[in-house]
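The letter at position 268 of the sequence shown is residue 268 when you use UniProt numbering, and the numbering goes up by one with no holes.
Every residue, glycine too, gets a C-beta built ideally from N, C-alpha and C.
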Amino acid sequence: MRQFISKNPATKQVLGEFKFLNDQELNHVIQQSKEGYQINKNSSFQIKSEKLLKLADLLNQNQEKYAKLISYEIGKPISQSMAEVKKSQNYCKYYAENINKYLQPQRVKTEAKNSYVQYSPIGTIYSISPFNFPFWLCFKPIIPMLAVGNAVIHRPSDSTGLCGLALQELFTSAGFDGNIFQNAFTTAQQLDQVMAHPQIQGVSFTGSTAAGSILGATAGKYLKRSVLELGGSDPFCVLQNANVELAVQLALKSRVANCGQVCFSAKRFIVHFQYYDIFKEKLVNALEKLKIGDPLLETTELGPMAREDLITNILNQIKKGVDEGAKIVYGGKRLKENENFMLPTVVEVDEQNVLAKEETFGPLFSLIKANSNDEILKIANNTPYGLGAVVVSNDKKEIEQFVNHLEAGMVFVNEIVKSDQRLPSGGIKGSGYGRECGEWGVQNFANIKTVWIE
């Protein structure tokens, strides 16, 4: 039987061994979800809200325990892991307080005696989470699914098996038992089996564009709904009327978080020529002072990358970029041989370089000099991705131009791109489709039913 292991990326210690489900076991999990669906479907909003509040309470009580587990499995600095658990807690409370409002029937005035839109669940949803936020990116799609009344089969990342087990225990303890929420360690080859099953009515996926395109095609083959939040090469636009000090602070905040392993962290730093040299100088100075080390220390700002293949991949990308003319200004190598710690890296590139074209997952700052705001906008949109974008400017006209013309699902001005539970989160182009969070999140996997009564 196929297995996978969980490793501590800081020490390379094996933390656990896990078995993938065989086809018979997987089919049993899907069959069991029918029971969970019936239970959750017929639960009142009050009962579901109480379960969500219980979930939030358990996250609060065990915040440190879960945060340490995240840091052990993926190397995220403990302060960031604590914030991830807290964000998940607040998300549960938000939907507990708002689900009744979001799912109330909406009356629409027509010539009928009565006409309205009604929301109802659709079945079991298959939700696939990535490694980089093992709690938050489980909760982000799944909480609205459960709040609507669906059942969920959750597929954690191969890198975070221990977090996956903790999540199963957590949801069960909160009352999402009876097969309402189930973990399933499936293989990529079993995707067709899952999506072909009539009980499965949709799939949610956060991860790479390559994997997302396969998932989307498979879901389409069986006419199942899909929501995909995929890769990004987010532009960070420092405009003619920018505050450079703020720009450097935001650049660090965006790209250093989780060792740069974030879909919508800034990746291409497109800087107006008049600020380019000072931005580069201040950025390097700040990176030289960065505290790199043990992710369990409160003072650590940059931990290891989550897996050996991830650090190998980004170092290979940097080498390829240099072969195409990129200039390394700072970093560009491991902190020590055979370790997963990487020096944060600053490279100067042009917009045709591979480092400006591909998604780069790691603490890499690709700097591009632009001669005007118009050129910044052109370079920003010259990408197959469209997840998020940052604009740094104090000028209203500049801001309006970029907000209106940037090809991205999320534009943040004088702040980094981040998920907010009240606002839709998602991308366009090669960064996927569908929206999570807020009232938009509950509509993805709900039957929006038209009712007309004469």
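Where DSSP assigns a beta bridge to residue i, which residues make up the other side?
{"i": "His-405", "result": "His-405 pairs with nothing; no bridge assigned."}
{"i": "His-272", "result": "Ala-370"}
{"i": "Ser-6", "result": "Gly-16"}
{"i": "Tyr-222", "result": "For Tyr-222, which the question treats as bridged, DSSP gives no partner whatsoever."}
{"i": "Gly-388", "result": "Met-410"}
Can you find the residues in the same chain that come closer than 6 Å, C-beta to C-beta, to residue i, ignoring five residues on each side of it along the sequence?
{"i": "Ile-328", "result": "Val-347"}
{"i": "Asn-183", "result": "His-154, Gly-164 and Gln-168"}
{"i": "Ala-266", "result": "Asp-234, Phe-236, Ser-254, Arg-255 and Val-390"}
{"i": "Arg-334", "result": "Met-342"}
Counting only the same chain and skipping the five closest in sequence on each side, list residues whose C-beta sits under 7 Å from that of residue i.
{"i": "Lys-54", "result": "Ala-174 and Gly-175"}
{"i": "Glu-324", "result": "Asn-353 and Val-354"}
{"i": "Pro-384", "result": "Lys-429 and Gly-430"}
{"i": "Tyr-102", "result": "Glu-439 and Val-442"}
If we call anything under 7 Å between Cβ atoms a contact, is residue i one with residue j?
{"i": "Ile-74", "j": "Ala-306", "result": "yes"}
{"i": "Gln-106", "j": "Val-451", "result": "no"}
{"i": "Val-413", "j": "Val-391", "result": "yes"}
{"i": "Asn-371", "j": "Gln-240", "result": "no"}
{"i": "Val-238", "j": "His-272", "result": "yes"}
{"i": "Ser-88", "j": "Leu-59", "result": "yes"}
{"i": "Gly-232", "j": "Leu-387", "result": "yes"}
{"i": "Arg-435", "j": "Gly-426", "result": "yes"}
{"i": "Ile-200", "j": "Thr-124", "result": "yes"}
{"i": "Asn-40", "j": "Ala-151", "result": "yes"}
Given residue i, which residues of its chain have a CB within under 8 Å of its CB, disregarding the five upstream and five downstream residues?
{"i": "Arg-2", "result": "Lys-19, Phe-20 and Thr-187"}
{"i": "Cys-259", "result": "Gly-75, Lys-76, Leu-302, Gly-303, Pro-304, Met-305, Ala-306, Met-342, Gly-362 and Pro-363"}
{"i": "Ser-115", "result": "Arg-107, Val-108, Lys-109, Thr-450, Val-451, Trp-452 and Ile-453"}
{"i": "Ile-318", "result": "Ala-326, Ile-328, Gly-332, Thr-345, Val-347, Leu-355 and Leu-364"}
{"i": "Lys-68", "result": "Ile-78, Ser-81 and Leu-296"}
How many angstroms separate the CA atom of residue i from the CA atom of residue j?
{"i": "Pro-156", "j": "Ser-208", "result": "15 Å"}
{"i": "Ile-292", "j": "Tyr-66", "result": "22 Å"}
{"i": "Ser-431", "j": "Asn-381", "result": "13 Å"}
{"i": "Tyr-276", "j": "Lys-369", "result": "6 Å"}
{"i": "Gln-189", "j": "Pro-424", "result": "31 Å"}
{"i": "Lys-396", "j": "Phe-402", "result": "10 Å"}
{"i": "Phe-205", "j": "Ser-33", "result": "19 Å"}
{"i": "Glu-35", "j": "Asn-42", "result": "11 Å"}
{"i": "Ile-311", "j": "Ala-257", "result": "16 Å"}
{"i": "Asn-100", "j": "Phe-45", "result": "6 Å"}
{"i": "Asn-338", "j": "Thr-160", "result": "22 Å"}
{"i": "Ile-143", "j": "Leu-137", "result": "10 Å"}
{"i": "Leu-146", "j": "Ile-70", "result": "23 Å"}
{"i": "Ser-6", "j": "Leu-287", "result": "30 Å"}
{"i": "Asn-51", "j": "Arg-268", "result": "Strictly speaking, residue 51 in this sequence is Lys, with Asn absent from that position. About 42 Å."}
How about the region 160–177 and the region 13–24: do they share at least three Cβ pairs that are nearer than 8 Å? In this structure the region 160–177 touches the region 13–24; the number of beta carbon pairs closer than 8 Å is three or more.
Touching or not, the region 213–233 and the region 436–444, by the rule of three or more beta carbon pairs under 8 Å? Output reads yes: the region 436–444 touches the region 213–233.
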